[in-house]
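Structure record follows, encoded as structure tokens.
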Amino acid sequence: MATRKKVLLKVIILGDSGVGKTSLMNQYVNKKFSNQYKATIGADFLTKEVIVDDRIVTLQIWDTAGQERFQSLGVAFYRGADCCVLVFDVTAPNTFKSLDSWRDEFLIQASPREPTDFPFVLLGNKVDLEPRAISTKRAQQWCLSKNNIPYFETSAKEALNVEQAFQSIARNALTQQSQSVDLYNEFPDQIKLTNTTNRNSNGDSCAC
Amino acid sequence: MEYDLPSDFDIIVVGTGMVESIVAAAASRIGKRVLHIDSNHYYGGLWASFNLDSINKIGEDGHTQEVVESNTENELIYSVGNNAFNLLVHSQTWNIPESNPEKDVDESDSNSVQQEYKWTQEKLLKISRKFNIDLAPKLHFAKGDFVELLISSNIARYSEFRSVSRILTWLNGTLELVPCSRSDVFSSNRVSVIEKRMLMKLLTSCVDGDENEFKGYENKTFQTYLKDRKLTENLIHYVLYAIAMCKDDTLCLEGVERTKRFLGSLGRFGKTPFLYSMYGSGEITQAFCRLSAVFGGIYALNQPLNGFIYDNDNNFKGLICGKQRINAKHLVMSLEKLPKDVVDFSTTEYISRAIFITDKSIMEDEKEHLTLLLFPPIDEKTSCVILELGSLTGTCPKGLYIVHMFTKQTVNPEEDLNHCVNKLFHKSERESNSPPIILWSLYFSVPNTFAQDVKCKKLLNTYVCPGPDLDLDYDPAIQKAKEIFESIYSNSDFLPRAPDPEEIIIEGEDNNNIINDREDEGHGDVNPEVAQPNNTA
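If you read the protein sequences in the order shown, they are chains A and B. The UniProt record's numbering applies: residue 1 is where the first sequence begins, and numbers increase by one. The UniProt record's numbering applies: residue 1 is where the second sequence begins, and numbers increase by one.
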């Protein structure tokens, strides 16, 4: 493709219930924080335009919508992800222990073309809270053992490191997409059924 | 399990098939507290899509689960599930070797050149997850009820589609492209100039014709009408079997309606009126479940379902899930979850289905096609629908095709479909110009429960959802889901437009409402009921 298409990157956020997945995306996109939502209601996906290396890209950040709570995320949720953000709560050791299974689950369900190179980013959330259960070093070691995943310690509540983390997420997602799109362009001419768009946007409609 | 499920709901939906998922989404959407639960570890039930590894295992697991609690003085416990509506696997066959033999390094054996197979079972199973194989493949009319519902409810944002790129039929012993759009008709070299005019005139009168056009045809067949219009044999074939998808005895007015349904969906998204869901039809139930979850529905797959609780008057009270008791006012469930001791009807009609993995298209072309082949009734067999999906649909690896075939069952799946299979495929390797080879096949039947009354009169506040049907699209499923929804919540909107993600504001600490619709921006149709108490039930 000669012209550069507008870039849309799908990012999905995974981790145990209550680690702050919805809060992180809400803080990043809406600059808001709430102690209210125990389980996710109403959070779907949020979009935000960011600039990465002089390119405007649209991040589409998908929440689990609470379906992770009873391990009921369907395979459809994972389709076409460009980056997977893993989140744990630095004060809750169990949420750290779950990271391996979330990562495995992603790799199985999304089955990316290059599992070893697929971009993950790890966020240790709630650093504003005490007592701390998982040290920075321990989290970094885990990241190192998984092909050097970038790691950020965040507080969605205090808006600490959230911007930086998502900047890195965008950059990693973009790398993934530009590789795969240029090499394969796996599924061209997909149709989205939104009201306004694509009356003429598919390749098969040429009537000549 | 790490968490307990909440113990009180407005409605429990058991099973994640199409009808159940639409009802769950509609109920969550108006603010009802919904538990959507399934004993399977996957979404979709009989409407699911599977990878190659797991579809080879379908039909292995039983559906009934044991009751853990005994009846009490005031309550009856019914077991969950029955075996009256199971999918029946007829045969499952590999036509390729398990693996390629180890390379023989022994020099002395060099005169026996070993054949290297392009595809082996081992190779295909290794990329098992590249397959998404539908139990109930569906196409969508571009202006049909399903597409309109997806758009009007804003569920469309969870799915992507491809358009069917050609429609074929079987005519005079070969595959023929069906001219279905105006440009197709005019560019076709199979249709003479006179025929072109006749066809355009006929199609126009089907769409715009007044009552007089069909006067006197009320009790006559569509075929008779087409003959009376002096259409040639070929044109009658195209219109009757492909465009209108009729049988010989379909009545005229129904044929006209079916022609309208087809023509009305032309020109919106592609050359043909049809769309197919990327990654398989099983994605669609998950899109409805996602909407339900976004609006607060609780999702729990892979759950032990140990009993339905009813009071002595047969009012639904709750569900036993493992050691938990979960109460709710209403129960919606898929047919196969009905307690076996209350099932007072059985399947009267089956759908014969076949699925193949093949090594090339039934009609090769420069580009990959998504093909619908409407196989007319011949040799005293009923007509068959055949769908060929390539790798661009995300349902199979590059270089291979998935073929779905189905028809109303008369004998058994192989008997009912083999006349098509023999004309289109080979089962072993031949010359390069030969038809596609079937590498793997699965024949099975599913009960067509849409055709019968599946109400369970004995159990109150209980609604039963039928399984997959023969319709190309989801129209009957949507209709059924709407009926169930309206009989529970008679005064509520059925799946009104969901707000866009940006319209949902997740509120700050000082506000008790989790969802706050932004009314000041003029989104008047954003549902105001979301955070309201529910008392329509």
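All C-beta atoms, glycine included, are put in the ideal place defined by N, C-alpha and C. Here the structure is a predicted model, which means the values were calculated and not measured.
Looking at chain B, is there any beta carbon in it that lies within less than 9 angstroms of the beta carbon of residue i?
{"i": "Pro-188(A)", "result": "yes"}
{"i": "Gln-164(A)", "result": "no"}
{"i": "Gln-177(A)", "result": "no"}
{"i": "Ala-43(A)", "result": "yes"}
{"i": "Lys-192(A)", "result": "yes"}
{"i": "Gly-20(A)", "result": "no"}
{"i": "Gln-71(A)", "result": "yes"}
{"i": "Gly-15(A)", "result": "no"}
{"i": "Thr-47(A)", "result": "yes"}
{"i": "Gln-170(A)", "result": "For the sequence presented, residue 170(A) should be read as Ala rather than Gln. Chain B, which has no Cβ nearer than 9 angstroms to the Cβ of Ala-170(A), makes this no."}
{"i": "Gln-67(A)", "result": "yes"}
Could you tell me the boundaries of the alpha helix (DSSP H) in which residue i lies?
{"i": "Ala-107(A)", "result": "Correcting the residue type first, residue 107(A) is Leu in the shown sequence and not Ala. Unbroken alpha helix (DSSP H) run through Leu-107(A): 99–110."}
{"i": "Cys-206(B)", "result": "193–208"}
{"i": "Ser-54(B)", "result": "52–55"}
{"i": "Arg-138(A)", "result": "136–145"}
{"i": "His-237(B)", "result": "233–237"}
{"i": "Lys-340(B)", "result": "Counting along the chain, Lys-340(B) falls outside any alpha helix (DSSP H), and DSSP gives it neither H nor E."}
For residue i, which residues from the same chain have a beta carbon less than 8 angstroms from its beta carbon, with the 5 sequence-adjacent residues on both sides left out?
{"i": "Ile-378(B)", "result": "Trp-170, His-419"}
{"i": "Asn-312(B)", "result": "Asn-74, Glu-75, Leu-76"}
{"i": "Gly-31(A)", "result": "Looking at the sequence itself, residue 31(A) is Lys, so the reference to Gly does not match. If we look at Lys-31(A) and ignore the five residues flanking it on each side, its Cβ neighbours are Ala-159."}
{"i": "His-426(B)", "result": "Ser-434, Pro-435, Pro-436, Ile-437, Ile-438"}
{"i": "Glu-213(B)", "result": "Ser-205"}
{"i": "Glu-502(B)", "result": "none"}
{"i": "Asn-234(B)", "result": "Leu-171, Arg-190, Val-191, Glu-195"}
With burial defined as no fewer than 16 other Cβ atoms inside 10 Å of the residue's Cβ, what is the status of residue i: buried or exposed?
{"i": "Asp-102(B)", "result": "The amino acid occupying residue 102(B) in the given sequence is Glu; Asp does not appear at that position. Glu-102(B) is exposed by the Cβ-count criterion."}
{"i": "residue 538(B)", "result": "The requested residue 538(B) does not occur in the structure, where chain B is confined to residues 1 to 537."}
{"i": "Ile-243(B)", "result": "buried"}
{"i": "Lys-138(B)", "result": "buried"}
{"i": "Gly-20(A)", "result": "buried"}
{"i": "Pro-188(A)", "result": "exposed"}
{"i": "Lys-126(A)", "result": "buried"}
{"i": "Phe-406(B)", "result": "buried"}
{"i": "Gln-303(B)", "result": "buried"}
{"i": "Ile-51(A)", "result": "exposed"}
{"i": "Lys-317(B)", "result": "buried"}
Short of 7 angstroms in beta carbon distance, which residues of its chain neighbour residue i, apart from the five on each side in sequence? Order them along the chain.
{"i": "Ala-133(A)", "result": "Val-90, Thr-91, Ala-92, Pro-93"}
{"i": "Lys-227(B)", "result": "Ile-236"}
{"i": "Asn-100(B)", "result": "Glu-116, Tyr-117, Thr-120"}
{"i": "Ser-346(B)", "result": "Ala-84"}
{"i": "Asp-182(A)", "result": "Low local confidence applies: a pLDDT of 45 at Asp-182(A) is under 50, so the model's placement there is unreliable, with the coordinate-based value given in what follows. Contacts found: none."}
{"i": "Ile-127(B)", "result": "Pro-397"}
Looking only at its chain, what residues have a beta carbon closer than 6 angstroms to the beta carbon of residue i, apart from the 5 residues adjacent to it on each side?
{"i": "Gly-80(A)", "result": "Lys-10"}
{"i": "Asn-154(B)", "result": "Arg-497, Ala-498"}
{"i": "Phe-9(B)", "result": "Arg-33, Leu-35, Ala-328"}
{"i": "Glu-349(B)", "result": "Asn-448, Ala-451"}
{"i": "Lys-38(A)", "result": "For Lys-38(A), the predicted model reports a pLDDT of 47, less than 50, meaning its position is unreliable and no value from the coordinates is stated."}
{"i": "Ala-481(B)", "result": "Val-19, Ile-22, Val-23"}
{"i": "Tyr-28(A)", "result": "Val-162, Phe-166"}
{"i": "Cys-396(B)", "result": "Phe-131, Ile-402"}
Answer with yes or no whether the minimum CB distance from residue i to chain A is below 9 angstroms.
{"i": "Lys-130(B)", "result": "yes"}
{"i": "Pro-501(B)", "result": "yes"}
{"i": "Cys-289(B)", "result": "yes"}
{"i": "Gln-92(B)", "result": "no"}
{"i": "residue 541(B)", "result": "Because residue 541(B) is not part of the residues shown, which for chain B are 1 to 537, the question remains open."}
{"i": "Glu-509(B)", "result": "Residue placement at Glu-509(B) is flagged as unreliable, the pLDDT there being 38, under the threshold of 50; a coordinate-derived value is accordingly withheld."}
{"i": "Tyr-401(B)", "result": "no"}
{"i": "Val-14(B)", "result": "no"}
{"i": "Tyr-474(B)", "result": "no"}
{"i": "residue 555(B)", "result": "Residue 555(B) lies beyond the range of chain B shown here (1 to 537); nothing can be said about it."}
{"i": "Gln-121(B)", "result": "no"}
Got a sec, what are the start and stop residues for the beta strand (DSSP E) residue i sits in?
{"i": "Gln-333(B)", "result": "In the sequence as displayed, the identity of residue 333(B) is Met instead of Gln. Counting along the chain, the beta strand (DSSP E) containing Met-333(B) begins and ends at 324–334."}
{"i": "Cys-420(B)", "result": "Taken as a continuous stretch (DSSP letters only), Cys-420(B) belongs to no beta strand (DSSP E), being part of the alpha helix (DSSP H) at 413–424."}
{"i": "Leu-14(A)", "result": "7–14"}
{"i": "Asp-8(B)", "result": "8–14"}
{"i": "Met-245(B)", "result": "It is not in any beta strand (DSSP E) - Met-245(B) carries neither H nor E in the DSSP assignment."}
Does at least one heavy atom of the ligand GDP sit under 8 angstroms from the Cβ of residue i?
{"i": "Pro-413(B)", "result": "The model on display carries no ligand, and the ligand GDP is accordingly not part of it."}
If contact means a Cβ-Cβ distance below 9 angstroms, which residues of the segment 76–103 of chain A contact chain B? Ala-76, Phe-77, Arg-79, Gly-80, Asn-94
Using a Cβ-Cβ cut-off of less than 9 angstroms, list which residues of the segment 104–135 of chain A approach chain B; keep chain order. Ile-108, Gln-109, Ser-111
Report the residues of the segment 32–63 of chain B with a CB closer than 8 angstroms to any CB of chain A, ordered along the chain. Tyr-42, Tyr-43
Can you give me, in chain order, the residues of the segment 156–171 of chain B that have a beta carbon less than 8 angstroms from any beta carbon in chain A? Ala-156, Arg-157, Tyr-158, Ser-159, Glu-160, Phe-161, Arg-162, Ser-163, Ser-165
Any residues in the segment 254–281 of chain B with a beta carbon nearer than 9 angstroms to a beta carbon of chain A? Which ones, in chain order? Gly-267, Arg-268, Phe-269, Gly-270, Lys-271, Thr-272, Leu-275, Met-278, Tyr-279
Which of the residues in the segment 294–309 of chain B, read from start to end, lie with their CB under 9 angstroms from any CB of chain C? Protein chains in the displayed structure are A and B, and chain C is not among them.
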